[in-house]
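Colleague: Under my numbering, the letters of the sequence shown match residues 393 to 500, in that order.
Just so it is clear, CB atoms sit at the ideal spot from N, CA and C, and this is done for glycine as well.
All values reported here derive from a predicted model rather than from experimental measurement.
After the structure tokens below, expect a handful of questions from me.
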Amino acid sequence: MGPIGGIILADHYVVRRTALDVDALYSEDRDSPYYFQGGFNVTAMVAMVAGVVPIVPGFLQKIGALPSAPKAFATAYNNAWFVSFLVAGAVYCLLCRRSGAQVKHQYD
Numbered sequence: 393m394g395p396i397g398g399i400i401l402a403d404h405y406v407v408r409r410t411a412l413d414v415d416a417l418y419s420e421d422r423d424s425p426y427y428f429q430g431g432f433n434v435t436a437m438v439a440m441v442a443g444v445v446p447i448v449p450g451f452l453q454k455i456g457a458l459p460s461a462p463k464a465f466a467t468a469y470n471n472a473w474f475v476s477f478l479v480a481g482a483v484y485c486l487l488c489r490r491s492g493a494q495v496k497h498q499y500d
């Protein structure tokens, strides 16, 4: 849930600056600002994976699949929601900025 929350809030407050086109949310039109690439937001998927990756070593250590790992991974796992929220949100913002994603505003 952490990475999803981070991505949603980053998209709404940072990338789109609270501009929300409710009609476009439910549109199947390819010109919709929410259509992305074939209906999938690949940037969000990459950010989601980036948010989960730092947690995996701590999880593997916790279940016994990884005999030892640095203490930082155990700490990240114990704070997984916050870590994944921040990492996914930050990665999403950086990828959107790097790709130069332009937000189509309803009133522009």
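So what's residue 428 in DSSP terms, helix, strand or just coil?
Modeller: The residue given as residue 428 occupies position 36 in the sequence shown. Three-state DSSP puts residue 428 in coil, outside helix and strand.
Colleague: Give the secondary structure of residue 490 by DSSP, where H, G and I count as helix, E and B as strand, and everything else as coil.
Modeller: By 1-based counting over the sequence shown, the position of residue 490 is 98. Note: residue 490 maps to helix in three-state DSSP.
Colleague: From the DSSP output, in three-state form, read off residue 419 for me.
Modeller: As a working mapping, residue 419 is identified with position 27 in the sequence shown. Coil, per DSSP.
Colleague: What's the gap between the Cα of residue 449 and the Cα of residue 490?
Modeller: Counting from one through the sequence shown, the residue named residue 449 turns up at place 57. Counting from one through the sequence shown, the residue named residue 490 turns up at place 98. So the two alpha carbons sit approximately 28 Å from each other.
Colleague: Going by C-alpha distance, which of 452, 480, 399 is nearest residue 470?
Modeller: On the sequence shown, position 78 is the one that residue 470 refers to. Out of 452, 480, 399, 452 has the C-alpha closest to the C-alpha of residue 470.
Colleague: Given a cut-off of 8 Å, decide if residue 443 and residue 406 are closer than it, judged by their beta-carbon atoms.
Modeller: As a first step, residue 406 must be located in the sequence shown, where it is residue number 14. As a first step, residue 443 must be located in the sequence shown, where it is residue number 51. It is not a contact, given that the beta carbons lie outside the stated cut-off.
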